[in-house]
DNA sequence: TATAATTTAATTGTACTCAATCAAATACAA
DNA sequence: TTGTATTTGATTGAGTACAATTAAATTATA
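Residue numbers (our numbering), protein chains in the order written: chain L, 1 to 143; chain W, 1001 to 1143.
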C-alpha cells in the first residue's frame, strides 16, 4: 500500500458515481431531445406531473438543486407554457410553480422513456435494487 | 400500477445516481477549494499523478469526458504550471499532456483528501464494495 | 413596536458538460 | 498518387451547477 494509493482514480468511489451518472444521462439524450427537454428539465417535469404544484424551495429539496439552477430552468418551462410561476399570497417570498393543462398533457409524450432507457441499461434485478437502496441510503443520510 | 408510475421520480434509478454524485462532490468542495481545485481538475490531476503523461484522447477515455470539457480545463492547469501541453511529433493531431515537477509535488497537498471525504460518507464496507462493483459494471458495459 | 435574525428567490460569476461543428493531420483506397 | 474517410483536438453555443451575494418579506426578540 503506497503512500499515495488513496489518490488513485481506481480507488475512488465518487468517481464511478460521477461518471456513471453522466453516462446514463447521455442515454436519455436522444429520447429527450425529441421532446426538446434536457435531463434536468425532465426530472423537474417528473415532479410536477406527480404533485402538480410545489414551491421552488420544496422542488429544490426533492431534486437536490438550488435556485441558481432552478430559476432559469423554470423560466424556460414557463415560456414553453408547461408551468406557471406565481408568488404565494400568504408569503410573498415564496414562489409557487404549478403545471398547466398543456404541461400535464405533455406527459403522454414522455411515458415510454423510462422503459426505453431501462432497456439500454444492463443491470440485474438484484443489482438495481441494491444500487437504489445504497444511493438513497447516502442521500437520506443528508449527504 | 398506474399508467404513469414509471415516470415517478421515486421509480427512477438514474436520478439518485445523479443526485448522490453531486452531493458527494459537494463534500469535496471545502477541501478542494483550499487547494483552488475543482472536482474535475482534481480527478484530472489524479490521473496525471499516476501516469505522468497521457494524450487528451486517453485522458478523456479514463474520465469519460470530451475535449470540450478537457481543453479549457487543461489550459487552466497549464497556466498554473502543473502540466505541459505538447503536440506529438509522430502525429501532430495528438496532444500530449505531461505533469510538471511542480504538479507532481502538489500531490502532497491533496494526499489526505480521500480520507477526509471518506470519513464524511457513511457507507458500510459491504455497501461500498457493492456500489463500486455495480457502478464499474455499468461503466464497463460501455454505458 | 422597533430591530435583529431568518427565510426565500433571484442574481452574479466561474466552471463545467456535451452535442455539434470545424480544421488539420493521417490513413486508406482506387 | 489522389481523392476519400477517419482521427484528433479545438471551438461554439446552450444549459446546467453551485458558491456567494443581494433584496425583499416574514418572524422572533428585546
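Don't be surprised by glycine CBs; every beta carbon is placed ideally from N, CA and C. Here the structure is a predicted model, which is why all the values come from computation and not from measurement.
Neighbour flag for residue i against chain W, beta carbons, 8 Å
| i | result |
| --- | --- |
| residue 82 of chain L | no |
| residue 1 of chain L | no |
| residue 130 of chain L | yes |
| residue 23 of chain L | yes |
| residue 31 of chain L | no |
| residue 106 of chain L | no |
| residue 34 of chain L | no |
| residue 111 of chain L | yes |
| residue 16 of chain L | yes |
| residue 70 of chain L | no |
| residue 97 of chain L | no |
| residue 53 of chain L | no |
| residue 47 of chain L | yes |
| residue 122 of chain L | yes |
Limits of the unbroken alpha helix (DSSP H) element including residue i
| i | result |
| --- | --- |
| residue 48 of chain L | 39-51 |
| residue 7 of chain L | That residue, residue 7 of chain L, is in no alpha helix (DSSP H); it is neither H nor E in DSSP. |
| residue 1147 of chain W | The structure shown does not extend to residue 1147 of chain W, since chain W spans only 1001 to 1143, so no value can be given for it. |
Backbone CA spacing between residue i and residue j [nearest angstrom]
| i | j | result |
| --- | --- | --- |
| residue 1075 of chain W | residue 1053 of chain W | 15 Å |
| residue 1056 of chain W | residue 6 of chain L | 24 Å |
| residue 16 of chain L | residue 106 of chain L | 33 Å |
| residue 1068 of chain W | residue 1060 of chain W | 10 Å |
| residue 24 of chain L | residue 1136 of chain W | 13 Å |
| residue 87 of chain L | residue 78 of chain L | 14 Å |
| residue 1038 of chain W | residue 1071 of chain W | 15 Å |
| residue 1032 of chain W | residue 13 of chain L | 17 Å |
| residue 73 of chain L | residue 1010 of chain W | 21 Å |
| residue 1100 of chain W | residue 41 of chain L | 42 Å |
| residue 46 of chain L | residue 130 of chain L | 23 Å |
| residue 128 of chain L | residue 1113 of chain W | 30 Å |
| residue 1022 of chain W | residue 18 of chain L | 7 Å |
| residue 133 of chain L | residue 1115 of chain W | 24 Å |
| residue 165 of chain L | residue 43 of chain L | Absent from the model: residue 165 of chain L. The displayed extent of chain L is 1 to 143, so no value can be given. |
| residue 1089 of chain W | residue 1080 of chain W | 24 Å |
| residue 51 of chain L | residue 29 of chain L | 25 Å |
| residue 62 of chain L | residue 124 of chain L | 27 Å |
| residue 1001 of chain W | residue 126 of chain L | 21 Å |
| residue 1082 of chain W | residue 4 of chain L | 18 Å |
| residue 92 of chain L | residue 1102 of chain W | 53 Å |
| residue 1035 of chain W | residue 1141 of chain W | 35 Å |
| residue 1058 of chain W | residue 58 of chain L | 41 Å |
| residue 117 of chain L | residue 1008 of chain W | 14 Å |
Short CB-CB distance (under 8 Å) between residue i and chain L
| i | result |
| --- | --- |
| residue 1008 of chain W | yes |
| residue 1056 of chain W | no |
| residue 1050 of chain W | yes |
| residue 1127 of chain W | yes |
| residue 1062 of chain W | yes |
| residue 1086 of chain W | no |
The ligand FMN heavy atom lying under 7 Å from the CB of residue i
| i | result |
| --- | --- |
| residue 16 of chain L | The ligand FMN is not part of this structure, which contains no ligands at all. |
Distance CB(residue i)-CB(residue j) smaller than 8 Å
| i | j | result |
| --- | --- | --- |
| residue 1094 of chain W | residue 1085 of chain W | no |
| residue 1049 of chain W | residue 1108 of chain W | no |
| residue 65 of chain L | residue 1020 of chain W | no |
| residue 1027 of chain W | residue 1111 of chain W | no |
If we require 4 or more residues per run, which alpha helix (DSSP H) segments fall completely within the segment 1056-1091 of chain W? 1056-1063 and 1067-1079
Ranges of the alpha helix (DSSP H) found wholly within the segment 89-137 of chain L, counting only runs of at least 4: 101-105, 107-110 and 113-118
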